[in-house]
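S.K.: First, the structure itself, so that you have it in front of you.
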Amino acid sequence: MSDAWERELEMRARIAYRSAPPLSREARDRLLDQVRSVPPPKRRRFALSLPGDRLRTLAALAGTAAVAIAFVSVTALDRAGRPPAPSPPKRAAGVASGPPATSAEAQFVSFRIRAAGAEQVALVGDFNGWDPQAAPMERAGPADTWAVTVAVPRGRHLYGFLINGRRWLADPVAPLAPEDGYGAPNSVVIVGALAAS
Amino acid sequence: MKHPRVVGIAVMWLCGLAFMALASDKPPPSSPLDPATSAEVAKILDAARADGLPTGPLKSKALEGAAKGSPPARIVAVVRAHAGALAEARAALGASSGDAELEAGAVALLAGVPSDSLARLRAARPGRSIVVPLVVMADLIARRVPPTAAATSVLLASRAGVADPELLRMRSRVERDIASGTAPASAAESRARWLAEHPGGTASGEAATPVRPRGRP
């Protein structure tokens, strides 16, 4: 190939590049519209490509499961520590009021006592483990009346009122149980029907 | 996961809350009895359990003594006496008696009711609970009716087929009679006799209304 021929090819190529028609505005907009119309790739939710992201996802799932287990445990423990759920209170129950037979394990019973000059009154009995802190009574109306409503399991129960943390009083309207060695007679309440043997 | 770091922090926070809830749970109440008394009471309970007696009333007796500030020796003595009374009540009432019947029978025995009165009461109410008659019997004794008179009165009414609510009304009427000056034995016997002659009726001069709901002062 001669030098003259090479120079001619080069000259023709330069001319061809220079003579290419410029891209019109419409063509350019059409091209951009086509590019915009292509949807972006979808984001993958769990199958993350990076190993660190995958680990974080697994850690979050494990933590959620741990929280669920913890709350279930708390609820179960809380329920285990409570007495059986009592039946809805139909009325104040006890020996004297003679409640009808019931199959419920426990029943709400209202207790009231008039204690003149008392600063603190508690209902204490075998249904609350003779714990003076278990059932503090509240003032209920005038005339030094104190009251509390508690859930009492079915059966015959002994109780008394502890006045100001020192003095024991029997319920003046309930049957008495004779003094049995501790110096103060108890009152008796029967909750529910007691099955015949 | 869009915000794994936020989720992680939330999970840790919730775990902390759950741990705090567990940690703040009240510990089981410790025994109000001193160790020596607890040991003595435990021996009595073990013996009762081995004998097939209910131990709940015995535990309750121990706790009652502690709540009332009784000395340890007194608590042990009361629990032991109660265990003996439970065994005697079972012998009198029968092995098929319920716990409430045994407990009420034990209280009546400790109050001085003869054990054969318990057996007669059981025979007077076949197939029916005798808890209420026993409760009434014990109440009369607590109101200074002699044990024999109390047992006789309740037996008389029970043999006449008097129902539990009527027995309870009789109890409150005897209480009022005693408060108004009637001798306790006379009050119990006259009320029981009248009730046995008029089962389901009402005492003279009294309305046929139930006694006040329990607990109303």
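Residue numbers (the numbering used here), protein chains in the order written: chain A, 1 to 197; chain B, 1001 to 1217.
All C-beta atoms in this analysis are idealised placements derived from N, C-alpha and C, irrespective of residue type, glycine included.
These numbers were taken from a predicted model, which means no experiment stands behind them.
(1) In the DSSP assignment, find the unbroken alpha helix (DSSP H) run with Gly141/A in it and report its ends.
(2) Can you tell me the Cα-Cα spacing of Glu1166/B and Val1136/B, whole angstroms?
(3) Could you work out which residue in Val189/A, Gly165/A, Glu119/A, Ala115/A is closest to Gly155/A when comparing CA atoms only?
(4) Around the Cβ of Glu1101/B, are there at least 16 other Cβ atoms within 10 angstroms (buried) or fewer (exposed)?
(5) If the cut is a Cβ gap below 8 Å, which residues of chain A does Val1136/B touch?
(6) Do Ala122/A and Pro142/A have their beta-carbon atoms positioned less than 8 Å apart in this structure?
(7) So is Ile1044/B in contact with chain A if we call contact Cβ pairs under 8 Å?
(8) Got a sec, what are the start and stop residues for the alpha helix (DSSP H) Trp168/A sits in?
(9) Just verifying my parser: in three-state terms, what is the DSSP assignment at Arg1143/B?
(10) Please go through the same chain and pick out, in chain order, the residues whose beta-carbon is closer than 7 Å to the beta-carbon of Gly183/A, but skip the five residues on each side of it.
(11) In whole angstroms, what is the alpha-carbon distance linking Pro1184/B and Val1113/B?
(12) Would Ile190/A pass as an interface residue toward chain B - the criterion being a Cβ-Cβ separation below 8 Å?
(13) By Cβ distance below 8 Å, which residues in the same chain neighbour Pro1210/B in space, the five residues on each side in sequence not counted?
(14) Determine, using beta-carbon pairs with one atom in the region 1093-1111 of chain B and one in the region 1037-1051 of chain B, whether at least three such pairs fall under 8 Å.
(15) Would you mind telling me which residues of chain B sit closer than 8 Å to Arg156/A, beta carbon to beta carbon, in chain order?
(16) The region 109-136 of chain A: which residues have C-beta closer than 8 Å to a C-beta of chain B, in chain order?
(17) Does chain B have any CB closer than 8 Å to the CB of Gly165/A?
(18) Among Leu1033/B, Arg1143/B, Ala1066/B, Pro1032/B, which residue has its Cα nearest to the Cα of Glu179/A?
(19) Quick one: is Ala1067/B near chain A, going by C-beta distance under 8 Å?
(20) Starting from Arg156/A, trace the alpha helix (DSSP H) in both directions and tell me its first and last residue.
(21) In angstroms with no decimal places, state the Cα-to-Cα distance between Arg112/A and Thr149/A.
(22) How long is the line joining the alpha carbons of Leu1109/B and Ala1085/B, rounded to whole angstroms?
(23) Anything in chain A within Cβ reach of Val1078/B, meaning under 8 Å, just list it in chain order.
(24) Can you confirm whether Pro153/A, when its beta carbon is compared against all beta carbons of chain B, has any partner nearer than 8 Å?
(25) Expressed to the nearest angstrom, what Euclidean distance is found between the alpha-carbon atoms of Arg1074/B and Asp1034/B?
(26) Output yes if chain A places a C-beta closer than 8 Å to the C-beta of Pro1107/B; else output no.
(27) Measuring CB to CB, does Asp126/A end up less than 8 Å from Leu158/A?
M.R.: To lay it out plainly:
(1) As a first step, residue 141/A must be located in the first sequence, where it is residue number 141. Where Gly141/A is concerned, there is no enclosing alpha helix (DSSP H), given that its DSSP letter is neither H nor E.
(2) To locate residue 1166/B, count along the second sequence from 1; it is residue 166. To locate residue 1136/B, count along the second sequence from 1; it is residue 136. Just so you know, the alpha carbons of Glu1166/B and Val1136/B end up roughly 11 Å apart.
(3) One-based indexing of the first sequence puts residue 155/A at position 155. Looking from the CA of Gly155/A, the closest CA among Val189/A, Gly165/A, Glu119/A, Ala115/A belongs to Val189/A.
(4) To locate residue 1101/B, count along the second sequence from 1; it is residue 101. That one is buried.
(5) For this step, residue 1136/B is matched to residue 136 along the second sequence. Here the neighbours are Pro175.
(6) Here residue 142/A is taken as the residue at index 142 of the first sequence, counted from 1. Here residue 122/A is taken as the residue at index 122 of the first sequence, counted from 1. With respect to Ala122/A, Pro142/A sits apart: the two C-beta atoms are not nearer than 8 Å.
(7) Translated into positions along the second sequence, residue 1044/B becomes position 44. Cβ-Cβ to chain A under 8 Å: no for Ile1044/B.
(8) Your numbering for residue 168/A matches position 168 in the first sequence. Counting along the chain, Trp168/A falls outside any alpha helix (DSSP H), though it belongs to the beta strand (DSSP E) covering 167-169.
(9) Position 143 of the second sequence holds residue 1143/B. In this structure, Arg1143/B counts as coil in the three-state DSSP scheme.
(10) Position 183 of the first sequence, counting from 1, holds the residue named residue 183/A. Excluding its 5 nearest sequence neighbours in each direction, Gly183/A has no C-beta neighbour in its own chain below 7 Å.
(11) By one-based count along the second sequence, residue 1184/B stands at place 184. By one-based count along the second sequence, residue 1113/B stands at place 113. Cα to Cα, Pro1184/B sits roughly 16 Å from Val1113/B.
(12) The residue you call residue 190/A lines up with position 190 of the first sequence. Cβ-Cβ to chain B under 8 Å: yes for Ile190/A.
(13) Within the second sequence, the letter at position 210 stands for residue 1210/B. Residue placement at Pro1210/B is flagged as unreliable, the pLDDT there being 31, under the threshold of 50; a coordinate-derived value is accordingly withheld.
(14) Contact check between the region 1093-1111 of chain B and the region 1037-1051 of chain B: fewer than three CB pairs, one atom from each, fall below 8 Å, which does not count as touching.
(15) Translated into positions along the first sequence, residue 156/A becomes position 156. Here the neighbours are Ala1100, Glu1103, Ala1104, Val1131, Val1135.
(16) So the list reads Val109, Ser110, Phe111, Arg112, Ile113, Arg114, Val124, Asp126, Gly129, Trp130, Asp131, Pro132, given in the order they occur along the chain.
(17) As a working note, residue 165/A is residue 165 in the first sequence. Chain B, which has no Cβ nearer than 8 Å to the Cβ of Gly165/A, makes this no.
(18) The residue you call residue 179/A lines up with position 179 of the first sequence. Comparing alpha-carbon positions, the option among Leu1033/B, Arg1143/B, Ala1066/B, Pro1032/B lying closest to Glu179/A turns out to be Arg1143/B.
(19) The count along the second sequence starts at 1 and reaches residue 1067/B at position 67. Interface residue, yes.
(20) By one-based count along the first sequence, residue 156/A stands at place 156. Run containing Arg156/A: none in the alpha helix (DSSP H); it sits in the beta strand (DSSP E), 155-163.
(21) In the first sequence, the residue the question calls residue 112/A occupies position 112. In the first sequence, the residue the question calls residue 149/A occupies position 149. Approximately 9 Å, taken between the alpha carbons.
(22) In the second sequence, the residue the question calls residue 1109/B occupies position 109. In the second sequence, the residue the question calls residue 1085/B occupies position 85. Looking at the two C-alpha atoms, the distance is approximately 6 Å.
(23) Start at 1 with the first residue of the second sequence, and residue 1078/B comes out as number 78. The answer, in chain order, is Asp180, Gly181, Tyr182.
(24) Numbered from 1 along the first sequence, position 153 holds the residue referred to as residue 153/A. No, no contact with chain B.
(25) Here residue 1074/B is taken as the residue at index 74 of the second sequence, counted from 1. Here residue 1034/B is taken as the residue at index 34 of the second sequence, counted from 1. Taking the straight line from one Cα to the other gives about 13 Å.
(26) The residue given as residue 1107/B occupies position 107 in the second sequence. Per the sequence shown, residue 1107/B should be read as Val rather than Pro. Cβ-Cβ to chain A under 8 Å: yes for Val1107/B.
(27) Within the first sequence, residue 126/A is the residue found at index 126, counting from 1. Within the first sequence, residue 158/A is the residue found at index 158, counting from 1. Cβ distance < 8 Å, so Asp126/A and Leu158/A count as in contact.
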